[in-house]
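One structure below.
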Amino acid sequence: MSTYKSINQVIQEVQHWLRLAVFEHEPLKESVLYVLHNKGKDSSYIGLPSNPTDLYNELSTKHRRKIADLVKKGVLNKDQHELLLPTDGSNKTFSDKFDITLIVLAIRSFTTLPSPKGGWSMTPTPTDITPTANTIRARDWRNFLNHTNPEKVDLALFNQKWNEGVQIVQQIGYAPPDLNTLRTISLDPKHDLVLKSLHSLINNVVLSQQKNQSDITALQKEVSDHAAANNLMKSEINKNVADVEMLNKRFEDQKEDIAKCLEEQSTKRLEDQVKITKRLELESTKRLEDQKEITKRLEEESTKRLEDQKEITKRLEEESTKRLEDQKEITKRLEDQAELATSDNQKLQLLDDRTELLVDQIQTITRKVDLLNDLKNEEQKIQSNDLSDFKRNCCKEVLTYVTENIGENWFQLLTLLPKRHGLPFVTPQDTNDNSPSQQLMDYFKSLAFQIKWQDLKNALEALDLGKMVDYIEQNTLITQGLQLASNKLRQRYVDDLIHWFLDQPLSTTNVGNKSLSREEAYIDLAVISSASVDREWSNSDRQTLMEQRYLEFESIEMQDIVKDTDQLVVVRGVAGVGKSSYIQMLALKWAKREIMNTLSNKIDFLFTFTCREINTLPDLSGIEDLLQKTYPKIFKYVTLSDLQMLTNRILIVVDGLDELSGMYQENPTNQMSNNAQVTMQIIDTKNIDLKGHKTIACGRPNACEKVQKAFSKTQHTKRVEVCGFRNAMIKTYVQSFFKNDTERLEKVLEVIKRSGNLQAMASVPIFLWVICSIYAEDCDIEIHSVTELYVYGLLVFLKNHLKGCMDIKNKTLQDIANSPTIGEIVYSLAKLSTKTYMKHQVIFTQDDMESLNCTIQMQQTGFITKLSTGNIYKEWYQFKHLSFQEFLSALYLCLSKGNTVFNQKRELSSCKQSIIGIHYLSTDGQNTVFNDLYKNLQEIHKRNSSFIDTLKAPLISLSYKSYLKDTLKWSKNLSQLIEDNYFYIGLTNRDFLNGFRESGFSLSKNQIKKFRYVSSAMIMMSHNLRHHQETILQLLDLLNITKIDSYIVDYNATEEMFTTTFYKFVNMIMKDIPDAELQLDSTGPTLSHIYLKRTHGYTIRLSSHGRISLPVQFLDYFKIFVFCESFGDEECIISIAKYVLKNKHRGKSISFDNDEVASSFIPILKNNLTGDWTECLRDDLIEKYQRFL
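Residue numbers for the sequence shown follow the UniProt record's numbering, so the first one is 1 and each next one is one higher.
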C-alpha cells in the first residue's frame, strides 16, 4: 500500500467497516442500553435506573462490593471502573458513555436478567430470541467488528453483518430511527457517529498492530529456539562422528592385538611341540586340530566384528547424512521465517508510522470538530423563523442596548413601534417616572426577532437619538442575518481546516509541512514593517532571501497586522516562506475570536480569496458576484447592501497576487480579464461597492509592488514582509527535527552557519525541512550552493513520497539519481513545470498531466495536489511547492536549450539564477549525484525529442550558448578584483556586482578557487555602490574572506547609514584591534566620510554644517577619540565626552590633535559637563593642559 494516503482515502478504503461501526455506536449500543435499563418494562427481570444520579447511587451502594471484586479479578479495568463510579465528585454515572462491552458486563453483573442456559460465553441457538440471547449476539457482533481487519470488510460482508445487527436490534424490541438513512450516511467526520467510528478505527488499528507485534515477537522467539536446537543438533552430530572415529581406531587396535596374540601363541606351542614330540605325538596332532579350530573361531569372530563395525559405521554415516539434510531443511525454513519476520517488521514499522499519523490526525480533527460544534451551538442561540422574514430583523444585541440606554424616551419609542410589530399600546399609567415596567422591558426584548432594523432605526432617528443609531451600526452586527452570516463564516474556516486534515497524506514526509497549516505545529514567522522593506525587489526568491539576511527589524504580532487606521496592507514574501499559512492561521484565529475582536480593532467579516481560485471562476460581473460564488452559504443570509452597513468591520484578504491572470502585463489594469479586474476592485478600499473595508493583499515581491503602486496614491498603504524563520527559530526547528540525534543536529547547524546561501534559504520553512531531510538521509553530504540544495531536496522529496510504491527505501541518493524511473518522473515534472510556470499558468488539468505519459500518477510525487476549494467548476491541479517550480523550469530549459522561446518572459529572469547554478554544476563535474541525474535526464530528453527537434538542436544550442555567454559576461572581470593577494572593490566594479547580484549570488567552484590565497579585502564604498552593500557581503561570504583591511565610505554619511549591514563591515575591519583610535575631523560644508584602515588609522569626517549623532554601538569599537582642528560639531563633542565619562572604566578617553585644538575644545567640555569632567581626558593630558583647566 502506498504511504500516500489521506484520511479521506482511508475512509473510502474502509467505508463498509466504518458504516458498521456507525451502526455499533448508535442502534446496537442503544439496544443493549434498552436491555440494561429495562426500557421495555419486561417483568421477568429488574434493570438498572437510567437517571445518572439514581444509577450512581445504586451502583455505589448495592453493587460496590461486586464492582471491587470484578476489579480484583481483572474483569474491570481502571477506565471502566471510573465510568461506573466516577471520582469527579458529581455523584452521577452516565450509561451513555459506556461501550457495548461494559454495558453487557453491567447486564450480567448488576441486573436480574436470567443467565443463558449454556453460559454467557456460549453462542445462543438461532431459535433463542430472548433478551439474554440477543445481548450475547450484540456483544459478539461488536467483538467481530473490532477484531476484523477493516480493509477485509467488503460489500457482501457489510450486507451480512448489517442485516444481522438489524435483526438483533429488532428482536430486543428497540425501535431505532430510520436505519436506511443511517446505512447511507455521509462519512463526514463532522458527524458525531462518524467521528466515534474513526476513533474505533484507531483502536482497531492499534490492536491489530499490537497483535502483529506480538506475532512477530513469537516468531522471532521461535526462530531463536530453532537456532538453539540447530546448534544442539550440530553438537550431537559432531559427537557421533567422533564416536565413529573412536570405534574405528579401537577396531584397528583389536586387529593388531589378535594377530600378535595368534603369532605369540603359535610360536610358544611350536616350541613345546619340539620338546615333547615323542611323548605327545598323538596329543600334538589333537592339539593342532584344536589350534586350527581356535584359529578358525578367532578368524570368524574377527570377520564378524569387522562386519558389525562396517554396519555400525554405515548406520552412523546414514544417520549423520540424514541429520545434515534435516539441518539444511531447518536452516532454510529458519532463513525463510527470519526473512518473513524482517519483512513483517518493516511493514509493522511502516504501520507504526502511519498509525501514529492516523491517530494524531484524527485527534486533531476531533478538536476542530469540537470547535465547530461550539460555533454551531452559538448559532443556535440566534432564533430564526422563516429565512426571508428574520434576516433583516434586529439581533438581540441591538435590543439589549436599546433597552439599557433608551432612558426617558421609552414611552415615545413604544408608541412609534406598536402599529407594525404588535406591541401593546401604552399609556402614561403604564410608566413609572417615564420608565417602563420590568415586565414591559422583558416583553420588548422577547420581540427582538420581530422588529426590523430599519423600523427601529427610523423610530430612534425620529426621537433625535442618532447617536444610538451610530453606536449600533459601529459596534453591533445589527441584524439577525448579519449575525448568523458572521457565525457561518467563522464555521467555514474551521470546516476548511477539517477538510484540509482529511485530505492530508498519512506519510512521514509531512513532517516538514506541519508548520504550513496545522495550528498546533504552527511556528511564528517573522513579519517586518514597511520601514525595513521600503525598496523594490525582484521576483527572484533567491535574490530576495539573500537581501533579507541583512535587514534589521522587529517582528509584527499577528493581531497587529491590520490596525484600525490601516486601509490596505500589502504582505509580500518569497514562495514557500509561509505567506499562505500565515493567512490561514490569521483566518482561524479570527474564527476563534482570538484576534481582531476588540472595540478599537474589531473585524466581524473576514473574507479570504486566492487568485488561483478566482482564475477558475466563471466570468465575474462584479464584487457581489465574486462574493456570492465564493461564499454561497454566507450569502443566503446577507446581501452586499447588508454588508455596506458595516464596511469598516470587513477585512478582505487576497492571496497569491503573482498568480492573478494578467498581473505582469505592462498595463495590468487594461489587459486583465474580468475576474482579475474584479479582484483589483475588491482590493480597492475606496471602491464604491464596498467602500471603507480593509484589505490584505498577499503575494511575491514583484506582484505586491504593482498592487502597491496602483493604490498607494488613493489610500493609506502599509507594506510588510514575511521573512520566515529567524536564527533562533531555525535552531529550534532543527533540534525538533533531529531530537536525540546530536551528530546530525550539530552537522546541520554547522553547515547552515558556514554558508550564507543556506542561512538565507533556511529561513523558508520548506527549505529548512529539505536541508534537515537531506542530512537525515546522508550525514556526509556537502552542500556548497543553493542549486545543490534543490537537487538533493528534489531527490529526497521523491524518495520519501514514493517509497510506498517503489523499491527505493534503502537506496542511496546516488542510486536514485541513476534510476531510469526517477529520471522519467523528474523529467515529467520539469516539463510540466516549464509549461505552467513560463506561461504563467499556475493551474492545470488531469489531461495536462496524462499527456506527459509519466510512469506513475503525478500526485504521488508530492509535488502535485488538487486545487482545494469548495467552489470547483472544473477539476484543477497545482504545484504544491512553488519554490521548486523555478528550479524545475530552469532544469528543463538547460536540457532542452529552449530559452529562446521564452526570452520575452519575466519568468525567465527569475530562472536565471538556477540556470547559472545548473550550468556551473554541469561544467564543474564534481557533484557526482547531480552528474548522474543530469546524464539520466539528457538521455531521456534525447529519446523524447522528435526528428525535427534533433535537426534544430545545433541552432538552438548556439542560441542557448549565446544566452549563457551574455548572462555570465560579468564573471570574466572576477580576476581583475585580485591584486597582491588582496580583494579590491571600488567604483569601477559596479557592473560586476550587478551581474553577481542578478545571478543569484552564484559562482562556480573553479571561480572560487582563484581566491583561495586571498586573505583580506579593501573596499571603497562610493555613492554608486551604496545599494550594493549586501551584495558585497554575499561575495565576501562566498569567497570565505573574513577580514577587511580598508573600508572607506566615500559619500555623504548620515545617521541612517549605521545599519546592521554597516556594522558587519566594521566587525570585519576592527577584528582583533582592542586599542583603536578614532579621529574626528570635518570635510567642509557638504559631505561626510568614514575612513577605516587597519594600517593608516580610523577617521570620520563630518560635514561642518550638518549635525550627526554617532551611535553608541559605533563608538564602542574605539578606545581613544582624537578631535582635530577643523572639527566643530559641539553637540557631537559633548555627546562623545559624556559617553567617555560613562565608560571610563573600560579605558575610554579623549585626546586632541595638537595644543591649539586642546585650547579650543577644553572650554567647551568645561562649560557643558558637570562633576569631575576632566576624567574624560587621557591621563597624560590633565597635567599637560593644566593651564586650560
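Here a beta-carbon is modelled for each residue, glycine too, at the ideal position from N, C-alpha and C.
Please confirm whether Arg754 and Ala776 have their CB atoms less than 8 Å apart.
For this step, residue 754 is matched to residue 754 along the sequence shown. For this step, residue 776 is matched to residue 776 along the sequence shown. Their beta carbons are not under 8 Å apart, which means Arg754 does not touch Ala776 by this criterion.
Exercise for the section: Go through its chain and collect everything with a Cβ distance to Glu404's Cβ below 7 Å, but skip five positions before and after it. Expected result: For the purposes of this step, residue 404 is taken as residue 404 along the sequence shown, with counting starting at 1. Closer than 7 Å at Cβ, skipping near neighbours: no residue.
With a CB to CB cut of under 6 Å and the five nearest residues on each side skipped, what residues in its chain are close to Gly40?
For this step, residue 40 is matched to residue 40 along the sequence shown. Taken in chain order, the residues that qualify are Gly173.
Review point. Taking the alpha-carbon positions, what's the Asn675 to Gly481 distance?
Key: Counted from its first residue, the sequence shown places residue 675 at position 675. Counted from its first residue, the sequence shown places residue 481 at position 481. Asn675 and Gly481: Cα-Cα distance of roughly 28 Å.
*With a 10 Å radius around its C-beta and 16 neighbouring C-beta atoms as the bar for buried, classify Met246 as buried or exposed.*
The residue you call residue 246 lines up with position 246 of the sequence shown. Result: exposed.
Report back the beta-carbon spacing between Tyr1063 and Gln1079 to the nearest angstrom; my notes put them in contact at under 8 Å. Taking the sequence shown and counting its residues from 1, one reaches residue 1063 at position 1063. Taking the sequence shown and counting its residues from 1, one reaches residue 1079 at position 1079. Not a contact, Cβ separation roughly 20 Å.
Exercise for the section: Pull up the CB-CB distance for residue 1193 and Leu651, whole angstroms please, since I reckon it's below 8 Å. Expected result: This structure gives no information on residue 1193, because the portion of the chain shown stretches from 1 to 1189.
Any beta strand (DSSP E) of 3 or more consecutive residues that is wholly inside the stretch 965 to 1016: 982 to 985
- request: Determine, using beta carbons only, whether Ile472 and Val569 come nearer to each other than 8 Å.
  value: Stepping through the sequence shown from its first residue, residue 472 is reached at position 472. Stepping through the sequence shown from its first residue, residue 569 is reached at position 569. For Ile472 and Val569, no; Cβs fall outside 8 Å.
Problem set entry | CA-to-CA distance, Asp625 to Ile683, given in whole angstroms | Mapped onto the sequence shown, residue 683 falls at position 683. Mapped onto the sequence shown, residue 625 falls at position 625. Spanning the two alpha carbons is a distance of roughly 15 Å.
Would you kindly work out how many angstroms separate the C-alpha atoms of Thr630 and Leu1036, rounded to a whole number? Residue numbering aside, residue 630 sits at position 630 when the sequence shown is read from its first letter. Residue numbering aside, residue 1036 sits at position 1036 when the sequence shown is read from its first letter. The alpha-carbon atoms of Thr630 and Leu1036 are separated by roughly 50 Å.
Task: Close beta carbons around Ser1135, own chain, < 8 Å, minus the five adjacent residues each side - done: Here residue 1135 refers to the residue found at position 1135 of the sequence shown. Same-chain partners within the cutoff: Ser1109, Leu1110.
- Kindly indicate which three-state DSSP category Gly917 falls into: helix, strand or coil? Here residue 917 is taken as the residue at index 917 of the sequence shown, counted from 1. It is helical.
* **Opening and closing residue of the beta strand (DSSP E) in which Val1122 lies** => Along the sequence shown, read from residue 1 onward, the residue named residue 1122 stands at position 1122. Start and end: 1120 to 1123.
Quiz item: Run through DSSP, which three-state label would Val22 get?
Solution: Counting from one through the sequence shown, the residue named residue 22 turns up at place 22. The answer is helix: DSSP assigns Val22 an H, G or I state.
Between Val1066 and the rest of its own chain, which residues show a CB-CB distance below 8 Å, the 5 nearest in sequence each way excluded?
As a first step, residue 1066 must be located in the sequence shown, where it is residue number 1066. Closer than 8 Å at the Cβ level, and outside the excluded window around Val1066, lie Tyr1047, Leu1092, Phe1114, Tyr1117.
Report task. Pick out whichever of Lys73, Ile67, Ile107 has its Cα sitting closest to the Cα of Pro49. Result -> In the sequence shown, the residue the question calls residue 49 occupies position 49. Nearest C-alpha to Pro49: Ile107.
**Asked** According to DSSP, what are the bridge partners of Arg1101?
**Response** As a position in the sequence shown, residue 1101 is number 1101, starting the count at 1. For Arg1101, which the question treats as bridged, DSSP gives the partners Asp1081, His1089.
Whole alpha helix (DSSP H) elements within the stretch 831 to 889, 4-residue minimum
846 to 850
Next on the checklist: Quick check on Tyr1047: does DSSP put it in helix, strand or coil?
Outcome noted: Taking the sequence shown and counting its residues from 1, the one referred to as residue 1047 is at position 1047. Tyr1047: strand per DSSP, three-state reduction.
Check for me: the beta strand (DSSP E) holding Ser712 runs from which residue to which? Taking the sequence shown and counting its residues from 1, one reaches residue 712 at position 712. Neither: Ser712 is in no beta strand (DSSP E) and is coded neither H nor E.
Residue span of the alpha helix (DSSP H) that contains Ser641, given as start and end
Your numbering for residue 641 matches position 641 in the sequence shown. It spans 640 to 643 - the alpha helix (DSSP H) in which Ser641 sits, taken as one unbroken run.
Next item on the list: Quick one: measure Cβ to Cβ for Trp162 and Leu20, integer angstroms, because I've assumed they're closer than 8 Å.
Entry: Counting from 1 along the sequence shown, the entry for residue 162 is found at position 162. Counting from 1 along the sequence shown, the entry for residue 20 is found at position 20. Contact flag correct, Cβ pair sits at about 7 Å.
Point to revise | Limits of the beta strand (DSSP E) - the one that Leu414 falls within | key: Here residue 414 refers to the residue found at position 414 when the sequence shown is read from its first residue. Unbroken run through Leu414 is the alpha helix (DSSP H), 410 to 416; no beta strand (DSSP E).
Rounded to whole angstroms, how far is the Cβ of Ile1120 from the Cβ of Glu1077, which I believe are closer than 8 Å?
For the purposes of this step, residue 1120 is identified with residue 1120 of the sequence shown, where counting begins at 1. For the purposes of this step, residue 1077 is identified with residue 1077 of the sequence shown, where counting begins at 1. The pair is a contact, with the Cβ atoms about 4 Å apart (cut-off 8 Å).
Exercise for review: Can you tell me which of the three DSSP states Ala762 falls into?
Suggested key: Here residue 762 refers to the residue found at position 762 of the sequence shown. DSSP places Ala762 in coil when its eight states are reduced to three.
Cutoff 6 Å; reference Phe738; Cβ partners in own chain excluding five residues on either side:
By 1-based counting over the sequence shown, the position of residue 738 is 738. Only Arg744, Leu745 meet the Cβ criterion.
Residues of its chain near Tyr56, where Cβ-Cβ distance is below 6 Å and the 5 sequence neighbours each way are ignored = Position 56 of the sequence shown, counted from the first residue, corresponds to residue 56. Result list for Tyr56: Asn91, Lys92, Thr93, in chain order.
*Between the stretch 457 to 465 and the stretch 611 to 623, do three or more beta carbon pairs fall short of 8 Å?*
no
Discussion item. Check whether the stretch 955 to 971 and the stretch 835 to 844 touch, using three or more Cβ-Cβ pairs below 8 Å as the test.
Written reply: no
Next item on the list: Have a look at Ala697 and Tyr582 and give me their C-alpha separation to the nearest angstrom.
Entry: Along the sequence shown, read from residue 1 onward, the residue named residue 697 stands at position 697. Along the sequence shown, read from residue 1 onward, the residue named residue 582 stands at position 582. Whole-angstrom Cα-Cα distance: 12 Å.
What is the DSSP secondary structure of Asn601, reduced to helix, strand or coil?
If you number the sequence shown from 1, residue 601 lands on position 601. The answer is strand: DSSP assigns Asn601 an E or B state.
Practice problem: From the DSSP output, in three-state form, read off Arg572 for me. | Solution: Locating residue 572 in the sequence shown gives position 572, counting from the first residue. Three-state result, Arg572: strand.
Can you tell me whether Asn1040 is buried or exposed, with buried defined as 16 or more other CB within 10 angstroms of its CB?
Translated into the one-based positions of the sequence shown, residue 1040 becomes position 1040. The residue is exposed, with fewer than 16 neighbouring Cβ atoms inside 10 Å.
Exercise. Gly1171: buried (16+ other C-beta within 10 angstroms of its C-beta) or exposed?
Worked result: On the sequence shown, position 1171 is the one that residue 1171 refers to. Label assigned to Gly1171: exposed.
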